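Visitor: First the structure, then my questions, so here it is.
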Amino acid sequence: MFHDSLALQAAEKSFYEVIGEKYPSSIQNYHNVDSPDDSSFSGTTTSSCNSVESHWNNVDLTDYKPSILQTNFPTDFVFQASSIQSSMNTTSNFSVANSGFFASSTAAGFLEPTLFSKSESVLQFEKGVEEANKFLPKGNRLVIDLENPSFRKVPPLQEEIKAEKDEISADSTRGRKNHEREDEEADLQDGRSNKQSAVYIDDSEISELLDKVLLGTRWRNEPAPLCICYADLPNGASLSAQKKLEETNKSGGGKSHVKKQGNNKGVVDLRTLLILCAQAVSSDDLITANELLKQIRQHTSPLGDGTQRLAHCFANALEARLAGTGTQIYTALSHKRNSAADMVKAYQMYISACPFKKLSIIFANHTILQLAKEVESLHIIDFGIRYGFQWPALIYRLSKHIGGPPKLRITGIELPQPGFRPAERVQETGLRLARYCDRFNVPFEFNAIAQKWETIKIEDLKIKENELLVVNSMFRFQNLLDETVVLNSPRDAVINLIRKANPTIFIHSTVNGSYNAPFFVTRFREALFHYSTLFDVLDTNVIRQDPMRLMFEKEFFGRQVMNILACEGCERVERPQTYKQWQVRIMRAGFRQLPLDKHLINKLRCKLKDVYHSDFMLLEDGNYMLQGWKGRLVYASSCWVPA
């Protein structure tokens, strides 16, 4: 059709030239029907036009070369028109559709006037615009109008949640569970659809709380403790209060493996149900898995005892694995920014109830202080510095050195954060530590590194001569991938980097876990045993209604379990090893282990016995300091020097 129309027009033009009359200008003007921006459409004549010209090679077209013949069209581009006269009247009103191509009647002058009616042309034009709009993003994703009320976050599914609560009002536990699951899904959807710029958080308002948690409540008037463990309990709890809580939990039966539901008959073993459900998930038995999940949901709650909270957390991960949304949920949880005040309060709750982190910090800080007595410059490379809660107590102790404090240089290493400022968190940590150094008159220099640890080069560490070099890692090497995922193990790369730096001492604290197996059911069992210990610790030492406990279990335990069970491949970053496996790896890199300080270990045992629950353990295995709960080893700490 397009070929015939061009041929007809060329024949008409040549006929007018033969009879000696001028070709009508109304037809010649059609060569002006073009894009408003002629420069944006340029190219050679299409194959269709070439075929026409080859057909009419004897016709002189030098005086008439419409610009449309110089344009490359898509292979599926179709010209439509109504009549020559109607197209002539609308020539000056053509516009470019959203896709950037011509309007549907661009070549109307070249087509037969009776092929299409005017209404059909309009329909074809509207259809073209509709098809073009499919390739454009939604408008609310291109422009963020902060003043627009529609931009404000509205709780999703509000009516549905209310209706569901009315339907299940007889079972309040299930109602709370459904509400929380929907909140998590809403957070996930919000993380998918909205991009927000990074916001700087001024933590000056929480400086007093930081001093209380990190330095102790009496540091202004009395000698500061060696570390936070030697101060009063941060939340003001006493030994008698801890024992009272222990007796209360024992009488409540919070540590039982089973639960009796008020209106339900029989007893449910949640751990057995969880393992059966994991086996069904592993074998892709969706019907059985969903049925077991339904049973588990009926007997679990984030507000129940330790076993119920554990089962609720693991059920969330199993459900995400079944739905294939584990990576998305974990990413949304990881990118969620909590306020600094909430993080400090959660940390306060944890170190008050559980000594694992606190004793590991004492172990590391005591070792550093013993080496830094007579040095002029101390350089600490901290892999996984996070908020830097370990260092304010050390800074205070350094300020009390006879002859003045040494210059303190800290290289804080963290993974990059998403958004516009990947190093924001580690830089905020540096500013916070700088304020402590200014307060205690300790010369300070901070070097922030936010990148994948295996890509760090020795030059990035900015090591100087004649300085005491200490490398510290507190429970973070478990987030490095190993040789089962990538050929060149990032764990070996980081340890080899540390060996190349040739530190005076390398202090390594690690999670003692076996839930890094490639087989899902094996990994599930080991993770269940490990986290049952951690949930039981909090259930025994913290009241169930504590909001910081709820936050800690959701933001830390829940996120970790989600990654362990619902993510695979490079997305699964929770990969702990036993301390024996780490021992072999570190020795292979060229380190030798230092013996423990017996005096320090005895002091820690005494403090553990005086302040904390009697079921906490502190043991020695060779040159390792081990910590555990009720016979299960959870954490291990050790010191290494280049061999």
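For what it's worth, full-length UniProt numbering labels the leading residue of the sequence shown as 1, then goes sequentially.
Glycine included, each C-beta is placed from N, C-alpha and C at the ideal position.
Please read these numbers as outputs of a predicted model, since none were measured by experiment.
For Val573, which of Thr331, Asn290, Lys609 and Leu322 has the nearest alpha-carbon?
Guide: The candidate whose alpha carbon is nearest that of Val573 is Thr331.
Visitor: Applying the criterion that 16 or more other CB atoms from any shown protein chain within 10 Å of the CB defines a buried residue, is Cys354 buried or exposed?
Guide: Counting Cβ neighbours within 10 Å, Cys354 comes out buried, since at least 16 surround it.
Visitor: By how many angstroms is the C-alpha of Gln9 removed from the C-alpha of Phe77?
Guide: The predicted model places Phe77 with a pLDDT of 44, which falls under 50 and marks its position as unreliable; any figure quoted below should be read in that light. Between Phe77 and Gln9, the C-alpha separation is close to 21 Å.
Visitor: For the beta strand (DSSP E) containing Asn447, name the first residue and the last one.
Guide: Looking at the DSSP string, the run of the beta strand (DSSP E) that includes Asn447 is Phe444 to Ala450.
Visitor: Quick one: Cα of Cys437 to Cα of Leu273, how far?
Guide: Each residue's alpha carbon lies about 53 Å from the other.
Visitor: Within a Cβ cutoff of 8 Å, which residues of the same chain sit near Thr578, ignoring the five residues on either side of it in sequence?
Guide: Correct list, in chain order: Asn512, Gly513 and Ser514.
Visitor: DSSP on Arg296, reduced to helix/strand/coil?
Guide: A small fix is needed here, since residue 296 is Ile in this sequence, not Arg. Ile296 falls in the helix class under three-state DSSP.
Visitor: Residues in the same chain with beta-carbon distance under 6 Å from Phe446, minus the five sequence neighbours each way, listed in chain order, please.
Guide: If we look at Phe446 and ignore the five residues flanking it on each side, its Cβ neighbours are Ile410 and Gly430.
Visitor: Can you tell me which of the three DSSP states His312 falls into?
Guide: Here His312 sits in helix by DSSP.
Visitor: Could you tell me which residues DSSP pairs with Tyr635 in its beta bridges?
Guide: Val511 and Gln627.
Visitor: Which class does Val470 belong to by DSSP, given the choice of helix, strand or coil?
Guide: Val470 falls in the strand class under three-state DSSP.
Visitor: Measuring straight from C-alpha to C-alpha, what distance separates Arg386 and Trp640?
Guide: Answer to the nearest angstrom: the Cα atoms are 23 Å apart.
Visitor: Can you pull the DSSP bridge partners for Thr411?
Guide: Bridge partners of Thr411: Ile381 and Asn447.
Visitor: Taking the alpha helix (DSSP H) that Glu424 belongs to, which residues open and close that run?
Guide: Residues Glu424 to Phe440.
Visitor: What does a CB cutoff of less than 7 Å around Arg476 pick up in its chain, not counting 5 residues either side in sequence?
Guide: Phe383 and Gly384, listed in sequence order.
Visitor: Just the Cα atoms here: how many angstroms apart are Asn541 and Glu376?
Guide: The straight-line gap from Cα to Cα measures roughly 43 Å.
Visitor: When the Cα atoms are used, what is the spatial distance from Ala280 to Leu292?
Guide: So the alpha carbons of these two residues sit roughly 9 Å apart.
Visitor: Assign Gly324 to one of two classes, buried (16 or more other C-beta atoms within 10 Å of its C-beta) or exposed (fewer than that).
Guide: Exposed: under 16 other Cβ atoms inside 10 Å.
Visitor: Here's the rule I'm using: 16 or more other beta-carbon atoms within 10 Å means buried, otherwise exposed. How should Pro223 be labelled?
Guide: Its pLDDT being 38, under 50, Pro223 is placed unreliably in this model, and the value from its coordinates should be taken loosely. Classification of Pro223: exposed, given that the 10 Å Cβ count is below 16.
Visitor: What do you reckon, are the CB atoms on Arg321 and Ala566 nearer than 8 Å?
Guide: Closer than 8 Å, so yes.
Visitor: Out of Ala643, Asp342 and Cys570, which one is the CA nearest neighbour of Val486?
Guide: Nearest C-alpha to Val486: Cys570.
Visitor: From the DSSP output, which residues share a beta bridge with Ile505?
Guide: Ile505 is bridged to Val470.
Visitor: When you compare the segment 329-349 with the segment 578-590, are there three or more beta-carbon pairs, one atom per stretch, that lie closer than 8 Å?
Guide: With a cut-off of 8 Å, the segment 578-590 and the segment 329-349 do not count as touching, because too few Cβ pairs lie within range.
Visitor: Near Lys265, which residues of its chain fall below 8 Å by C-beta distance, leaving aside the five closest residues on each side in sequence?
Guide: Since pLDDT at Lys265 reaches only 40, below the 50 mark, its modelled position is unreliable, and no value is offered.
Visitor: Go ahead and pull the three-state DSSP assignment for Arg476.
Guide: Coil.
Visitor: Does Pro355 come out as helix, strand or coil in the three-state DSSP assignment?
Guide: Coil.
Visitor: On the DSSP letters alone, give me the boundaries of the beta strand (DSSP E) that Glu620 sits inside.
Guide: Phe616 to Asp621 is the extent of the beta strand (DSSP E) around Glu620.
Visitor: Can you give the Cα-Cα distance for Cys339 and Gln390, rounded to whole angstroms?
Guide: Checking the displayed sequence, the identity of residue 339 turns out to be Ser instead of Cys. If you take the alpha carbons of Ser339 and Gln390, they lie about 19 Å apart.
Visitor: Whole angstroms is fine: what's the gap from Asn316's alpha carbon to Ala289's?
Guide: Rounded to whole angstroms, Asn316 to Ala289 spans 13 Å at the Cα level.
Visitor: List the residues that DSSP assigns as beta-bridge partners of Asn640.
Guide: The question names Asn, but residue 640 is Trp in the sequence shown. Bridge partners of Trp640: Phe506 and Gln593.
Visitor: In the DSSP assignment, find the unbroken alpha helix (DSSP H) run with Thr455 in it and report its ends.
Guide: It is not in any alpha helix (DSSP H) - Thr455 carries neither H nor E in the DSSP assignment.
Visitor: Quick one: what does DSSP say Asp482 is sitting in, helix, strand or coil?
Guide: Three-state DSSP puts Asp482 in coil, outside helix and strand.
Visitor: Check this for me: beta carbons of His530 and Ser473, under 8 Å apart or not?
Guide: No, Cβ-Cβ distance for His530 and Ser473 is not below 8 Å.
Visitor: Compute the distance between the beta-carbons of Leu619 and His366, then report whether it is under 8 Å.
Guide: No, they are not a contact pair.
Visitor: Whose CA, out of Glu459, Arg337, Tyr635 and Phe535, lies closest to the CA of Pro576?
Guide: Of Glu459, Arg337, Tyr635 and Phe535, the residue nearest in Cα terms is Tyr635.
Visitor: Ordered along the chain, which non-local residues of its own chain (more than five positions away) have a Cβ less than 6 Å from that of Glu526?
Guide: Result list for Glu526: Ser514 and Tyr515, in chain order.
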